[in-house]
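Chemist: Numbered per mature numbering (1 follows the signal peptide of the UniProt record, and there is no 0), the sequence shown spans residues -16 to -1, 1 to 215.
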Amino acid sequence: MNLWILAVLLFAGTEAGERKTSNDPLEDWMFTQLKQCDNPPPVHEGYGCTSYLWNYELINLELFNSDPAIIVYRGLVPKDYIESFIVDITAEQKKAQDNSNGSRPTAEITMDHTAKAGAARVFRRLSRFIPFIDFTSSDPWQVLVFKEGGHFAPRHEYLKVNASGEQDELTKTLGNRFATFRIMLKEPEKGGEHVFPLIRSTYKLELGDAMIWTNMTPQKQKVRRTQCALI
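#1: Considering Cα atoms alone, identify which of P124, Q81 and G32 is closest to L45.
#2: Looking at the strands, I want to know which residues DSSP matches up with T94.
#3: Identify the continuous beta strand (DSSP E) that holds A213 and give its terminal residues.
#4: For W38, count neighbouring Cβ atoms within 10 angstroms of its own Cβ and tell me buried if that reaches 16, exposed if not.
#5: Under three-state DSSP, which class holds M195?
#6: Can you give the Cα-Cα distance for T171 and L60, rounded to whole angstroms?
#7: Take V56 as the anchor and find which of C212, M200, D96 and E190 has the nearest alpha-carbon.
#8: Can you list, in chain order, the residues of its chain whose CB lies under 7 Å from that of L169, leaving out five sequence neighbours each side?
#9: How far does the alpha helix (DSSP H) with L110 in it reach, from first residue to last?
#10: Measuring alpha carbon to alpha carbon, tell me which of D96, I183 and I215 ends up nearest V207.
#11: Using only CA atoms, which one of P202, I215 and I73 lies nearest to E173?
#12: Take the Cβ of A194 as the centre, count every other Cβ of all protein chains shown within 10 Å, and call the residue buried at 16 or more, exposed below.
#13: Cα separation between A99 and T201?
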């Protein structure tokens, strides 16, 4: 089975928002975006990479795009951390399946940062090795489980609201989602790319890689070009 799993953290920063959803999986895809899935453009000429020591470990970082900023930490999460996290995910899937009277496992799971041992272990590692981000300000873990042919249509994590009554408690307290952070927990045999159609860029993560990009400017405005799809 061509199964792949991503863990996502969405960081709050200021201002609030409204989530857009769609029942049709292809409704939000434009022809040019679909074309980019089949024919990824070349890597941006501004690409660069570096390594540095932090807490006695070598951190490998790649700058995929400078404006807007898209950064990948290669191999940030070790295999044994991932395995323990997936144990937690499997347990949550089974619980959700039991609660839904035996229907198929859910494709999206939410859990608190430190609700289970594996999730907590990964969360503490992220906080330790990327200290310039307050990981406690993020939404709970959002785990996406894709089967063969699964995808995520282009979307933007910055939320737009028309009234304060539409905000949830987390948004009221911490603000909008200034950045998105994703970890590859299980690689697919085929696919698994992140597509940024508005900057004509397609990137692929490997097991244990983490990617972060910004959704909001310092002036609290939406960074429109970080709209992202998963294929």
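For glycine and all other residues, C-beta sits at the position ideal for the given N, C-alpha and C. Since the model is a prediction, treat every value here as computed from it, not as a measurement.
Modeler: In brief:
#1: G32
#2: Q126
#3: C212 to L214
#4: exposed
#5: strand
#6: Note that residue 171 is Glu in the sequence shown here, rather than Thr. One C-alpha to the other measures close to 15 Å.
#7: E190
#8: I(-12), L(-11), A(-10), I66, F69 and I70
#9: A101 to F113
#10: I183
#11: I215
#12: buried
#13: 31 Å
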